[in-house]
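Below: one structure, written as structure tokens.
In this note's numbering, the protein residues as written are 384 to 577.
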């Protein structure tokens, strides 16, 4: 699809948005709007076969995520969003690279509830912040299996008040390998399926 190729081209070289200039941001938003007009999945929330799985963030305007790259001596690695439709769970995982042996991750777990054919309500309930080596992190899938098994990690592993930490996400485009979402704070997210 030409629109999809245009979006991927516009995103390339922006390091998920960290390096995007204002003209690049405008071109990316225009490519997103164009692609959304041709969404092959008119009821994205009901397309559980497409939604379920591990997604890698390839572009965002979210200041909260992009600011993780500003932590001294650290660099933002891959960012994943893993969706488990069967349990209405979503896991956001940001890998952090820094000094040798001090690679870490920042993760939040949430439950989602469909509220329309495009929108889900998200309530965050757990955060995990720690060193990958101590946690035993190797991949998003194995990490999530441990979370779902109820494991407590040797990290900052804390409950979050879901009444205070919640929001919504509109899924504006989804196909077998690309998803676009827009959050309640105005952020845009473009993810590719891993």
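Even glycine gets a Cβ: it sits at the ideal position worked out from N, Cα and C.
Residues of its chain near residue i, where Cβ-Cβ distance is below 6 Å and the 5 sequence neighbours each way are ignored
{"i": "residue 500", "result": "426, 428"}
{"i": "residue 569", "result": "none"}
{"i": "residue 491", "result": "475, 507, 510"}
{"i": "residue 498", "result": "504"}
Presumed contact (8 Å Cβ cut-off) between residue i and residue j, rounded CB distance
{"i": "residue 443", "j": "residue 572", "result": "5 Å"}
{"i": "residue 437", "j": "residue 577", "result": "5 Å"}
Separation of residue j from residue i, as counted between CA atoms
{"i": "residue 525", "j": "residue 534", "result": "12 Å"}
{"i": "residue 451", "j": "residue 512", "result": "12 Å"}
{"i": "residue 394", "j": "residue 386", "result": "12 Å"}
{"i": "residue 520", "j": "residue 422", "result": "35 Å"}
{"i": "residue 487", "j": "residue 408", "result": "29 Å"}
{"i": "residue 556", "j": "residue 449", "result": "22 Å"}
{"i": "residue 504", "j": "residue 402", "result": "30 Å"}
{"i": "residue 434", "j": "residue 466", "result": "7 Å"}
{"i": "residue 517", "j": "residue 417", "result": "44 Å"}
{"i": "residue 431", "j": "residue 558", "result": "11 Å"}
{"i": "residue 539", "j": "residue 514", "result": "10 Å"}
{"i": "residue 527", "j": "residue 536", "result": "12 Å"}
{"i": "residue 567", "j": "residue 522", "result": "28 Å"}
Residue i in three-state terms, based on DSSP
{"i": "residue 485", "result": "coil"}
{"i": "residue 409", "result": "helix"}
{"i": "residue 501", "result": "coil"}
{"i": "residue 429", "result": "helix"}
{"i": "residue 421", "result": "coil"}
{"i": "residue 393", "result": "helix"}
{"i": "residue 532", "result": "coil"}
{"i": "residue 434", "result": "helix"}
{"i": "residue 527", "result": "helix"}
{"i": "residue 512", "result": "strand"}
7 Å Cβ shell around residue i - same chain, five flanking residues per side excluded
{"i": "residue 554", "result": "427, 428, 501, 562, 564"}
{"i": "residue 460", "result": "478, 479, 480"}
{"i": "residue 447", "result": "none"}
8 Å Cβ shell around residue i - same chain, five flanking residues per side excluded
{"i": "residue 440", "result": "399, 448, 461, 462, 463, 464, 572, 573, 574"}
{"i": "residue 531", "result": "467, 470, 472"}
9 Å Cβ cutoff, residue i in contact with chain B
{"i": "residue 403", "result": "As a matter of chain content, chain B is missing from the structure shown, which is built from one protein chain."}
For the stretch 547–554 against the stretch 401–420, are there 3 or more C-beta pairs whose distance is under 8 Å? no
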